[in-house]
Structures are given as C-alpha cells and as structure tokens.
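Here the working numbering is used: the first residue of the sequence shown is 2, the next is one more, and so on.
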Amino acid sequence: MVEGLHREVRKVRKLQKGPLPARVLDVGNKPTDPVKLLVTNQQQDTYACLSHCWGNPKKGQPEPIALTIRNETSFKNGIALDNLPKNYQDAIRFCRLLEIRYLWIDALCIIQDSIEDWACESLKMGSYYGSCTICLAATRSPDRDGGFQPIKARMEYQVSGTDGPGNCILITEKPPQIPHFWVAKQFPYDKYYPLLI
C-alpha cells in the first residue's frame, strides 16, 4: 500500500527539490534515527508538511510540546519520538516510509514564544504548504493526539489533480461500492475519505 503511494508521489510530483522552510524536522531514514530540528539556510530538498488540528489541552494535562526560545538548542540535538503527540509521530513514520527526510510542522518549526519569528514565518505558511512534496492531513483527528486513521493494507486509492507549482494532488481512498438499490433510491454518495488521516 505505502509502496504504491510512494510510486504515485514520485510519479506525480517527480520529487523536485526546492527551498526548504526556514526550519524543518530532519526525521532521518530509519526508525531508530533521532528527530532533530534543522535550520536550513535556504537548503534545497524535498519535504512534507503536516496539516492538523492543534486542539485544546485537556484539563490536568501538560501543554503539548512546541518550539520555544528556551528549547530550540535541545530540539537541534534531538527530540524523543515518544515525547511527541500522536499526529506528529505518525507524520514522522509516514515520511520515513515515503523516504522524505524533512518534515515541517508549525508547532515544532516556528518559535512559538517569539513575536518576531511568528511575524516572519506566519507569512510564509501558505508558501510552505504550497511548495511541499506532500501534505499529510490529519483530518479526522480532533487534536494533536488523535493520530492518523489506520491505513488498510489493501486499501484502494485514487489520485486526482494535476502536477505543477501550486497545484494540488489529492490521494484519497476510493469510496466503497454502493449497492444498486441505494442508487435507485437516489442515495447520494459523494464523500471522499482522505487517505492520510
């Protein structure tokens, strides 16, 4: 399943290298590789973005991990995967499976307590999402800890959209077959199920 997606991503997007965001997570290639914050200095490469709902911290729970002025150096040295919310862990694992080394997550790549960094980086978010090789969308997760929807080993998917700068390639699960009697009753079925959720 993931191998097929990897072929589709490579075929449709041709994995063209472009400028990375100011900071990305270097997720490495292997499950044992450390996750490190990288200041890119306009380095050129492919990368993924995570689109997700932050949600509100549950009462009595600690604030979710985020990049701050105080922890930036420690993030550059490495972030323990187990300390990250489930959405982030799943995005990192998926990037490794797709052989995409760099991942941009707003909470971990924009300094959250820096007015200057937020002012600069928030203006670039649209460009970051628009220029990434693939955007992983945790659309069914109500918060950072919901994780991606389990992917079925034999799930059929479809690719729609066109290649090119600023164009969206949508990879979605094919809708299930509808019994013919539902169609006769004009039962509408037009929902797409985002694959990376």
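Backbone N, C-alpha and C fix where the C-beta goes; we use that ideal spot for every residue, glycine too.
Using a threshold of 9 Å, state whether the C-beta atoms of ARG94 and PRO32 are closer than that.
Looking up residue 94 in the sequence shown gives position 93. Looking up residue 32 in the sequence shown gives position 31. Their beta carbons are under 9 Å apart, which means ARG94 touches PRO32 by this criterion.
Using the rule of at least 16 other Cβ atoms within 10 Å of the residue's Cβ for burial, across every protein chain shown, is THR134 buried or exposed?
The sequence position of residue 134 within the sequence shown is 133, counting from 1. When all chains shown are included, THR134 counts as buried.
Which residue marks the beginning of the alpha helix (DSSP H) containing TYR48, and which one marks its end?
Within the sequence shown, numbered from 1, the residue matching residue 48 stands at position 47. Run containing TYR48: none; DSSP gives neither H nor E here.
What is the DSSP secondary structure of GLY131, counted as helix, strand or coil?
Along the sequence shown, read from residue 1 onward, the residue named residue 131 stands at position 130. Helix at GLY131.
For ASN1, which residues of its own chain have a beta-carbon under 6 Å away from its beta-carbon, when the five flanking residues on both sides are left out?
Lying outside 2 to 198, the shown extent of the chain, residue 1 is not represented and no answer is given.
For LYS125, does the three-state DSSP call read helix, strand or coil?
Along the sequence shown, read from residue 1 onward, the residue named residue 125 stands at position 124. LYS125 falls in the coil class under three-state DSSP.
Spell out the partners DSSP gives LEU104 in its beta bridges.
Locating residue 104 in the sequence shown gives position 103, where the first residue counts as 1. In the DSSP output, where bridge partners are listed per residue, LEU104 has LEU26 and ALA49.
If we ignore side chains and look at the alpha-carbon of each, how far apart do PRO20 and ILE112 end up?
Sequence index remark: in the sequence shown, residue 20 carries index 19 (1-based). Sequence index remark: in the sequence shown, residue 112 carries index 111 (1-based). Their Cα atoms are separated by approximately 20 Å.
Could you check what DSSP says for CYS110 in three-state terms: helix, strand or coil?
Residue mapping note: residue 110 aligns to position 109 of the sequence shown, counting from 1. Looking at CYS110 - three-state DSSP - the assignment turns out to be helix.
Report the rounded CA-to-CA distance for ASN84 versus GLN90, giving the unit in angstroms.
Position 83 of the sequence shown, counting from 1, holds the residue named residue 84. Position 89 of the sequence shown, counting from 1, holds the residue named residue 90. The alpha-carbon atoms of ASN84 and GLN90 are separated by roughly 9 Å.
According to DSSP, which residues form a beta bridge with CYS136?
Locating residue 136 in the sequence shown gives position 135, counting from the first residue. Looking at the DSSP assignment, CYS136 forms a beta bridge with CYS50.
Should ILE116 be labelled buried (16 or more other beta-carbon atoms within 10 Å of its own) or exposed?
The sequence position of residue 116 within the sequence shown is 115, counting from 1. ILE116 comes out exposed.
Given PRO177, which residues of its chain have a CB within under 7 Å of its CB, disregarding the five upstream and five downstream residues?
What you label residue 177 is simply residue 176 of the sequence shown in a count that begins at 1. Residue placement at PRO177 is flagged as unreliable, the pLDDT there being 49, under the threshold of 50; the coordinate-derived value follows with that caveat. Answer for PRO177: no residue qualifies.
Just to confirm the assignment, what range does the alpha helix (DSSP H) spanning LYS77 have?
The residue labelled residue 77 in the question sits at position 76 within the sequence shown. Here the alpha helix (DSSP H) through LYS77 covers 73-78.
Between the Cα of PRO86 and those of LEU109, LEU98 and ASN78, spot the shortest distance and give me the residue it belongs to.
For the purposes of this step, residue 86 is taken as the residue at position 85 of the sequence shown. Ranking the options by Cα distance to PRO86, first place goes to LEU109.
Could you tell me the distance, in whole angstroms, from the CA atom of ASP46 to the CA atom of GLY29?
For the purposes of this step, residue 46 is identified with residue 45 of the sequence shown, where counting begins at 1. For the purposes of this step, residue 29 is identified with residue 28 of the sequence shown, where counting begins at 1. The straight-line gap from Cα to Cα measures roughly 13 Å.
Would you call VAL25 buried or exposed, if buried means 16 or more other Cβ atoms sit within 10 Å of its Cβ?
Position 24 of the sequence shown, counted from the first residue, corresponds to residue 25. Answer is buried; the Cβ neighbour count reaches 16.
LYS18 by DSSP, collapsed to three states: which one?
In the sequence shown, residue 18 corresponds to position 17, counting from 1. Coil at LYS18, not helix or strand.
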